[in-house]
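In full-length UniProt numbering, the protein residues as written are 1 to 566.
As structure tokens, then:
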């Protein structure tokens, strides 16, 4: 029985060993493919991490280039649509990038602002540029009607007058409108020319009466048959600077007083400002004067009495002396006795005695002492003076940060003393003086400059926002993308390592258990086949050992099948 079983077992072992070899090769190839796939996945994880890092670096570099792009600055601000259209047409022709902002602002790259302004100036395209007599140089004069010629002449004259007025430092811009009537041969149809002037003053500047009269005379002298009274001047705030037909004496007197007061205050301001700027520097002193001036011509008569003093008012002395004698004729009557002698003397008669009488009168008149005073207060007498002086301090820079440093108390005291002497300070009159040191701003900028500053500030804040957005994007990218990706990569590697070690342990356990089972089966087979041939037994044992060394799992399954069959 044992001899019959042994060959069948040998054939089964051989068949099973061949099947086991093919099956083990397939399983080994499958395991190799799985391991290759796992390695590829690990390599792909690293590749994905590298790709993510490269993309992040590229995004960061592009963000830096975007942030480092030249910021935009206003080329011109507060311009009308027609001027903006011509400027944009030039920018498009030059292929210059631009942006349009509110309030008629054209933005261009900051490194091209000054070059573009010079180019526009060379082509006579600056905003607010007036057209003068060059209007006739830019057009073909052939075939133009007289009406168009007259209109062009009027436009050119208006532009030239506006250019001349804008030379004044107090005027930022000016517009002149002329009404030139047609010439007529009839005297009764002749009309007078007139002109209107709109002035935009620079900052808080004011025009004096002399400057307004100068503008009127300038326009009247440049336009034929135009009187100075027919020129109306208005500022941009709607204030009428000239008036026509003032015949009222009251209005004239009030205007004269106001002009006198304004001129007095302005002269004193200019004197004090000129003196202070020699000490603290140009533009570092602001002086404002308010004067209270008498508006009327006053005459005062005063009479004062002193009852304690008696004053001799008049004195009269009368003195009379009278002498009388008897002058009746005495002696021989007749002509001879009453005729003069040879020497011319009358012949003396008998002398009679004389009578003398006298009177003396002394009259004195006394009065109480009195004083009569007549005082005349002329028009324009200064009654009170108030002066305010603002002195700018120095500016110190540390780490590109400007800090205002006010004037010291000693400096302000010295300046106050100088101003008191220069203004004629009189405390009894009620004069007042205030001197302070504060930071001064440039108030000479016009509305265009203010709009320009507003746009530049907006561009500055936008640039800061760009850098802030760039930094925030980098932080979010690192926190929400790179950080989870790194955590996932580390966890996957640790998980793969754990699975690999656990698989190795399972295989070792299975190999050891299978080897033990096969060896136990072989021992049982040896016990059952004691009477068999030794060569066959050795062959079976060798095949079984080879099978166990190649694939322990398959050998364990075969042994289990044998035991079940037996």
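Cβ atoms here follow ideal geometry from the backbone N, Cα and C, with glycine treated the same way.
Keep in mind the model is a prediction, meaning the values are calculated, not measured.
Based on DSSP bridge pairs, tell me the residues matched to residue i.
i           : result
residue 213 : Answer is none; residue 213 lacks a bridge partner.
residue 178 : 195
residue 321 : 358
residue 374 : 301
residue 95  : Its beta-bridge partners do not exist; DSSP assigns none.
residue 107 : 74, 99
residue 366 : 312
residue 288 : 388
residue 403 : 396
residue 232 : 196
residue 160 : Looking at the DSSP assignment, residue 160 forms no beta bridge with any residue, so it has no partner.
residue 172 : Its beta-bridge partners do not exist; DSSP assigns none.
residue 293 : 382
Cα separation between residue i and residue j?
i           : j           : result
residue 430 : residue 291 : 11 Å
residue 528 : residue 558 : Reliability of the predicted coordinates at residue 528 is poor, the pLDDT of 47 falling under 50, and no value is obtained from them.
residue 440 : residue 106 : 30 Å
residue 20  : residue 554 : Unreliable placement is indicated for residue 20, whose pLDDT of 46 sits below 50; no coordinate value is reported for it.
residue 82  : residue 458 : 25 Å
residue 246 : residue 259 : For residue 246, the predicted model reports a pLDDT of 47, less than 50, meaning its position is unreliable and no value from the coordinates is stated.
residue 300 : residue 309 : 25 Å
residue 377 : residue 298 : 5 Å
residue 116 : residue 75  : 8 Å
residue 206 : residue 286 : 15 Å
residue 474 : residue 280 : 51 Å
residue 95  : residue 113 : 14 Å
residue 108 : residue 169 : 30 Å
residue 375 : residue 305 : 18 Å
residue 461 : residue 51  : 35 Å
residue 256 : residue 222 : 28 Å
residue 408 : residue 464 : 38 Å
residue 118 : residue 110 : 14 Å
residue 282 : residue 414 : 18 Å
residue 152 : residue 183 : 17 Å
residue 426 : residue 418 : 14 Å
residue 150 : residue 84  : 28 Å
For a quick check, are the C-beta atoms of residue i and residue j less than 7 Å apart?
i           : j           : result
residue 228 : residue 216 : yes
residue 158 : residue 176 : yes
residue 194 : residue 230 : yes
residue 219 : residue 161 : yes
residue 316 : residue 363 : yes
residue 472 : residue 435 : no
residue 370 : residue 303 : yes
residue 98  : residue 90  : no
residue 166 : residue 174 : yes
residue 178 : residue 212 : no
residue 296 : residue 359 : no
For the candidate residues the options, whose alpha-carbon lies nearest to that of residue i?
i           : options            : result
residue 381 : 232, 465, 294      : 294
residue 420 : 84, 386, 166, 183  : 386
residue 570 : 163, 181, 116      : Any question about residue 570 goes unanswered here, given that the chain covers just 1 to 566.
residue 384 : 108, 438, 424, 239 : 424
residue 289 : 405, 279, 388      : 388
residue 101 : 432, 433, 72, 279  : 72
residue 233 : 221, 222, 226, 196 : 196
residue 86  : 61, 121, 110       : 121
residue 416 : 433, 93, 460, 408  : 433
residue 273 : 408, 111, 390, 263 : 390
residue 224 : 214, 192, 198, 238 : 192
residue 239 : 226, 198, 269      : 198
residue 164 : 214, 263, 111, 282 : 214
Using a Cβ-Cβ cut-off of 8 Å (strictly less than) and excluding sequence neighbours within five positions of residue i, which residues of its own chain qualify?
i           : result
residue 313 : 365, 366, 367
residue 267 : none
residue 61  : none
For residue i, collect the residues of the same chain with a Cβ closer than 7 Å to its Cβ; drop the 5 residues on either side in sequence, then sort them by chain order.
i           : result
residue 144 : none
residue 428 : none
residue 271 : 422
Quick one: what's got a C-beta closer than 6 Å to residue i's C-beta in the same chain, skipping five residues either side?
i           : result
residue 361 : 318
residue 392 : 284, 440
residue 265 : 289, 291
residue 88  : none
residue 406 : 393, 437
residue 269 : 287, 289
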